[in-house]
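Take the numbering used here: the final residue in the first sequence is number 505, and no numbers are missing along the way.
Here a beta-carbon is modelled for each residue, glycine too, at the ideal position from N, C-alpha and C.
Step one of this worksheet: look at the structure below.
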Amino acid sequence: MAYGVTDGQPMVRTRFAPSPTGELHIGSVRTALFSWLAAKHAGGQFYIRLEDTDQERYVAGSTRRILETFDWLGIRLDGGPDHATLRRMKTDEDYPGALEDGSYQGIPGPFIQSQRLPVYQQWAGWLIEHGYAYRASETAEEIEHMRAEAMARKETFRFREEMRLRTDVRPDEPHVVRMRIVPRQGVTRFHDLVKGDVAFENANLDDQVLIKADGFPTYHLAVVVDDHLQGVSLALRGDDWLSSAPKHVLLFQYFGWDMPQLAHVPNVLGDDSRKLSKRHGATSVFELRDQGYLPEAVINFLSLLGWAPGEGDEQNVFTIPELISKFDVNHIGSSPAVFSPTKLDWLNGVHIRRLSEDDLTQRLIPIVREAGIALDTAEQLDKLRRAVPLIQERMKTLLDAVPLIDFMFFDIAVPTREALTGQKMDEAESLEALRQTRDLLAQLPEFENAPMEQAMRALADRLHLKPRQLFTIVRNAVTGKDVTPPLFGTLSVIGRAATLQRLDRAVGVLER
RNA sequence: GCCCUCAUCGUCUAGUGGACCAGGACGCGGCCCUUUCAAGGCCAAAACAUGAGUUCGAAUCUCAUUGAGGGCACCA
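Quick look at the structure:
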């Protein structure tokens, strides 16, 4: 397992290597999470490397978005950006300085592949010198033509050295560098931590382009060179890479470098068991964040997509430290997992309930403000603070808080007569009940939960009403809703003045 | 077409030849608690894709079939 060596100690080092081509997909985030957990479990390092070798697909600002994703999740990188700087950046800025640094925590940089071009050129040259690669100058059109001919013969097209139109390509003329498959026959095998032993016939591998005509490396060269130079001991990636893995294995062999351990993790699928896409709602963690999910819950949920502690351990709810201590790459499942919004909801509720009241209050503040509820005065903040214990176990997402508390801050619409008339009661009875409630609450020495409940139960008794009959009309009168947090705690947050005022108004409605 | 991968309740999964007429979790249904809604507790329904084979014995091993996914770029 140990591959890199730091200070004489074996070191597990993993990386996440996205392309800056837009929003980070949930499946990619999960792969990154697995990588991070694997590293942290072993006390190792996790870093990020930007694979921007395709200039055409580059999307401005995506590097920043990628780094923000990790920042929000609470995943700290052992190589990469400074989080404080990151938070100060503007949206359209990209490439934070820390990623460009020469090295970080002993990991040699830069961490942006476009800044490592000479490195790839150097190693491509080495391959050519040692007979593992060659120059080729066929144009895209020529290749396309060859492909069409092969298809006409119903053959699978693979570019091979023998198919070159021009041999003896000079280094100074436009060309690409292609890898030679050596040996041409035979089988390339490797062990994948997730997929097990995998074997590919060399005859089915083509002479992959390693350096493009623009001088940029392809993924295949860059990933091998960087993983080696940066001391990656365990490489996790999506299983769509499995088919090209044998080429990477061959390159490692050509170079004479030790292979990192490979783990190809399955995709995350959407509700319809198809690949997750925009049509499935949440496709980036920012959407989840905006929908009121906690990073703790997202991490917990994602870790369970394709991984389980195994060995009879049936735990489902994990803190991040628990995940770090229990995570094991060998327990990653080999089949794709479906993203289940309902399970995420449940886990989010669980993690919300685990928060301290203070913590939850802090997280609610921006959301409540966003909903248009002012929290500028100490009094308003105190109201929220007092409401939190009443709503904590009633939320699946942070957004759920808003309808649970808005009436504590805003006045409500005038209730209808129907809403103020209790079950199996007529309007006169209901009116009398509300009047007596009003008088009772006006005289109550302490406008607090317990004494209020005691007095109100006694009142219901005197009126020969069931608590439910009385409480329901009081709830409607004061909150304007038939679903609220527990009534008396709620009234106490609303305060005596507003409560009495709303009761008076309700009495007025029935008197009319 | 060729190559590769995958296949246990609706979903996430446990399970590595006997302890499995398959365990847990979400969701669903019911009950309890209860001022509404939640939370919590209890109970229930619900799966080894199919077919051969190996074996005294298979969810677990092998093969085939079917289905699903991925790859076959000077994209990652």
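Check, Outcome
"M156 to M144 span [Cα, whole Å]", "15 Å"
"First through last residue of the alpha helix (DSSP H) which encompasses I41", "Run containing I41: none in the alpha helix (DSSP H); it sits in the beta strand (DSSP E), Q38 to I41."
"Pairwise C-alpha distance: I174 and I121", "12 Å"
"8 Å contact criterion, which H213 and L203 should meet: CB distance rounded", "6 Å"
"Check whether F481 and E446 have beta carbons under 8 Å apart", "yes"
"Cutoff 7 Å; reference G1; Cβ partners in own chain excluding five residues on either side", "The pLDDT assigned to G1 is 48, lower than 50, so where the model puts this residue is not dependable; a value taken from the coordinates is nonetheless given after this. So no residue of the chain qualifies."
"Cα-Cα separation, A196 to L348", "57 Å"
"Neighbourhood of S327 by C-beta, 7 Å cutoff - its chain only, sequence neighbours within 5 removed", "V187, K188 and P259"
"Of the residues V381, W234 and L110, the one placed nearest G208, counting alpha carbons only", "L110"
"Reference D47; option with closest CA among F39, I59, G15 and R69", "G15"
"Rounded straight-line distance, which links the Cα of Q201 to that of F152", "8 Å"
"Where L198 sits in the DSSP three-state scheme", "coil"
"Proximity winner among E439, P314, E137 and L424, relative to L463 (alpha-carbon distances)", "L424"
"Beta-carbon proximity of G342 to A406, cut-off 8 Å", "no"
"Option nearest Y113 by Cα separation, candidates V170, G37 and A443", "V170"
"As assigned by DSSP and simplified to three states, the class of I59", "helix"
"Segments of 3+ residues assigned as beta strand (DSSP E) that fall wholly inside the stretch 209 to 266", "227 to 231 and 254 to 258"
"Outcome for T138 when other beta-carbon atoms lying within 10 angstroms are tallied against a minimum of 16", "Note on residue identity: the sequence assigns His, not Thr, to residue 138. Looking at its Cβ environment, which holds fewer than 16 other Cβ atoms inside 10 Å, H138 is exposed."
"Validate contact between the stretch 240 to 247 and the stretch 19 to 28 using beta carbons, cut 8 Å, 3 pairs", "no"
"Segment limits, alpha helix (DSSP H) that includes T430", "E420 to Q436"
"Selected residue, minimal CA-CA separation from S12, among V216, G99 and G501", "V216"
"Residue range of the beta strand (DSSP E) that includes A126", "A126 to A129"
"For M4 and A(-5), the rounded distance between their alpha carbons", "A caution first: A(-5) carries a pLDDT of 36, below 50, which makes its placement in the model unreliable, though a value can still be read off. Distance between the alpha carbons of A(-5) and M4 is about 6 Å."
"Residues bridged to I325 [DSSP beta-bridge criterion]", "W300"
"K268 - DSSP class collapsed to helix/strand/coil", "strand"
"Nearest candidate by alpha-carbon position, reference S130, set R159, G118 and H123", "R159"
"Cβ neighbour criterion (16 or more within 10 Å) applied to H221", "buried"
"Neighbourhood of A530 by C-beta distance below 6 Å, restricted to the same chain and skipping five residues each side", "A question about residue 530 goes unanswered here, because the residues of the chain that appear run from -6 up to 505."
"Segment limits, beta strand (DSSP E) that includes H184", "V180 to D185"
"Reference D375; option with closest CA among G488, G224 and E422", "G488"
"Identified DSSP bridge partners for G99", "Paired residues: none, contrary to the question."
"Member of A443, T414 and N442 whose CA lies at the smallest distance from the CA of L503", "T414"
"Identity of the residue in S96, R8 and Y51 nearest R69 by Cα", "R8"
"Residue span of the beta strand (DSSP E) that contains R8, given as start and end", "R6 to F9"
"Run of the alpha helix (DSSP H) containing V112, from where it starts to where it stops", "L110 to E122"
"C-alpha gap between I100 and R230, whole angstroms", "20 Å"
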